[in-house]
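In this text, residue positions in the sequence shown follow our numbering: the first is 33, and each later residue adds one. Every residue, glycine too, gets a C-beta built ideally from N, C-alpha and C. Computed from a predicted model, the values in this text were never measured in an experiment. Worksheet for the structure shown next.
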Amino acid sequence: MMTITDNKKLRGKLRFDEPMSKHTTWRAGGLAKCYFRPADIEDLVEFLAQTSVDEELVWLGLGSNLLVRDGGISGSVISMQGVNQNLEMNSTNRVLVDAGVTCAKMARFCARNGLLGSEFLAGIPGTVGGALAMNAGAFGGETWDYVVEVETIDRQGNRVKRKPEEYAIAYRSIKAKTQAENHEWFISALFCFGKSTDKTGVIDIKALLDKRGKSQPIGLPSCGSVFTNPEGDHAARLIEASGLKGYCHGKACVSEKHANFIINTGGATASDIESLILEVKRVVKQKQGVELSPEVRIIGQEKEA
33 MMTITDNKKL RGKLRFDEPM SKHTTWRAGG LAKCYFRPAD IEDLVEFLAQ
83 TSVDEELVWL GLGSNLLVRD GGISGSVISM QGVNQNLEMN STNRVLVDAG
133 VTCAKMARFC ARNGLLGSEF LAGIPGTVGG ALAMNAGAFG GETWDYVVEV
183 ETIDRQGNRV KRKPEEYAIA YRSIKAKTQA ENHEWFISAL FCFGKSTDKT
233 GVIDIKALLD KRGKSQPIGL PSCGSVFTNP EGDHAARLIE ASGLKGYCHG
283 KACVSEKHAN FIINTGGATA SDIESLILEV KRVVKQKQGV ELSPEVRIIG
333 QEKEA
């Protein structure tokens with residue numbers, strides 16, 4: 033239950049009954065009971081101190097890998113987009129970056145500083161915090177392959193630095209090895225990349241983004257890839273082979289350009305999107321014999337009839 037005791041102490045944006053359709057890249061979803069974008073980490077600590085330990089907390093970056101059901105979120109959404117934006121070289125090949133920085137911005141920064149290996153980040157439509165939370169990847173690269181150390185924060189506002197070996201890391205998955213750490217959230221990370229003396233990284237980013245623009249429905253409301261790739265195969269191939277390109281449920285449609293993308297063609301509800309996800313999963317299982325696993329997080333309550 034929400035227990036904000038002194039709004040005047042909070043310097044960030046605090047809103048109630050906030051439409052999550054404004055904060056997710058699918059442009060769909062119900063209301064969040066409470067929405068808070070802190071001014072900085074100290075403001076976040078103050079918010080956490082005023083929040084009941086029973087309050088559900090949802091941490092939000094760009095909202096690019098998230099579907100909020102039409103019934104909304106009964107707890108509090110903490111938006112870190114544009115909040116902590118520190119991005120700096122820590123040594124000749126190490127970068128210290130805050131969780132609120134977008135992956136695309138980090139990729140460009142690394143390329144300008146002659147770092148190799150970070151180019152894949154340009155293909156991730158989210159923040160560094162979100163990439164850390166799901167071991168996001170693109171173009172063959174994965175976030176945690178380059179992490180040296182992370183800093184987390186818990187519900188009491190305590191900040192802790194942790195090493196990769198404290199987590200179980202897998203494809204599109206990251207889980208703390210102890211229960212206590214599962215109640216912490218990433219606020220910054222230290223990355224290590226290779227070093228180059230030319231502008232190879234800048235060139236590679238341009239080539240990768242050109243490739244992405246030609247193969248994916250960039251600019252249309254989607255969450256990015258909906259399903260993880262099964263081992264040795266691609267979800268997009270399986271969906272296309274099942275004849276589902278262009279298939280729609282309400283205003284939600286499987287992209288004609290890339291079958292692992294579901295597009296909000298205008299006015300799609302979260303229910304439309306979730307129903308289409310389930311139908312794609314069912315048909316692929318029936319026709320291809322493969323059980324697809326959603327990459328997107330689906331949260332919140334169903335809307336009451």
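| Item | Value |
| --- | --- |
| Enumerated in chain order, which unbroken segments of the beta strand (DSSP E) with a length of 3 residues or greater are wholly contained in the region 184-232? | 191-194, 199-202, 205-208, 216-224 |
| Is the beta carbon of residue 130 closer than 7 Å to that of residue 220? | yes |
| Ends of the beta strand (DSSP E) at residue 316? | That residue, residue 316, is in no beta strand (DSSP E); its alpha helix (DSSP H) goes 302-320. |
| Taking all protein chains shown into account, decide if residue 172 is buried (16 or more other Cβ within 10 angstroms of its Cβ) or exposed. | exposed |
| For the alpha helix (DSSP H) that contains residue 161, what are its first and last residues? | 160-166 |
| Just confirm the distance between the C-beta atoms of residue 134 and residue 159, as a whole number of angstroms; I'd bet it's less than 8 Å. | 6 Å |
| Using three-state DSSP, classify residue 105 as helix, strand or coil. | strand |
| So, at 8 Å on beta carbons, what are the nonlocal neighbours of residue 125 in its own chain, with the 5 sequence-adjacent residues on each side left out? | 147, 224, 225, 226, 227 |
| Taking C-alpha atoms, which residue in 86, 115, 238 lies nearest to residue 68? | 115 |
| Do residue 111 and residue 92 have their C-beta atoms within less than 7 Å of each other? | yes |
| Among 106, 46, 95, 143, which one has its Cα closest to the Cα of residue 239? | 143 |
| Can you give the beta carbon distance from residue 286 to residue 222, rounded, assuming they're within the 8 Å contact cut? | Not confirmed; about 39 Å, so no contact. |
| Only counting runs of 3 or more residues, tell me where the beta strand (DSSP E) segments fall wholly within the region 64-122, in order along the chain. | 89-92, 98-100, 105-111, 119-121 |
| If residue 283 and residue 297 are in contact, beta carbons under 8 Å, what's the gap, nearest whole angstrom? | 5 Å |
| Find the nearest neighbour of residue 291 within the set 269, 304, 300, 310, judged by alpha-carbon distance. | 269 |
| Which whole runs of the alpha helix (DSSP H) in the region 276-301 are 4 residues long or more, in chain order? | none |
| I'd like to check one pair, residue 267 with residue 102: are the Cβ atoms closer than 7 Å? | no |
| Going by DSSP in three states, residue 169 sits in which element: helix, strand or coil? | strand |
| Kindly identify the DSSP beta-bridge partner or partners of residue 45. | 69 |
| Excluding the five sequence neighbours on either side, which residues of its own chain have a C-beta within less than 7 Å of the C-beta of residue 186, listed in chain order? | 215, 216 |
| So, are the CB atoms of residue 26 and residue 139 less than 7 Å apart? | Residue 26 lies beyond the stretch modelled for the chain, which goes from 33 to 337, so this question has no answer here. |
| For the beta strand (DSSP E) containing residue 329, name the first residue and the last one. | 329-331 |
| In angstroms with no decimal places, state the Cα-to-Cα distance between residue 317 and residue 117. | 43 Å |
| Which of the three DSSP states, helix, strand or coil, is assigned to residue 272? | helix |
| Take residue 26 and list the residues in its own chain whose beta-carbon comes closer than 6 Å to its own, dropping the five residues that flank it on each side. | The requested residue 26 is not part of the displayed model; the chain covers only 33 to 337. |
| Pick helix, strand or coil for residue 177, following the three-state DSSP scheme. | helix |
| If you drop the 5 nearest sequence neighbours on each side, which residues of the same chain put their C-beta closer than 7 Å to that of residue 44? | 68, 69, 70, 71, 75 |
| Taking 6 Å as the limit between beta carbons, can you name the residues of its chain near residue 33, skipping five residues before and five after? | Legend: pLDDT at residue 33 = 48, less than 50; position of this residue unreliable, value from coordinates given subsequently. Excluding residues within five positions, the ones whose Cβ falls inside 6 Å are 84. |
| Please classify residue 203 as buried or exposed, where buried requires at least 16 other C-beta atoms within 10 Å of its C-beta. | exposed |
| Is the beta carbon of residue 119 closer than 7 Å to that of residue 141? | yes |
| Tell me which residue opens and which closes the alpha helix (DSSP H) that residue 140 is part of. | 135-144 |
| With the cut-off set at 7 Å, would you say residue 308 and residue 294 are in Cβ contact? | yes |
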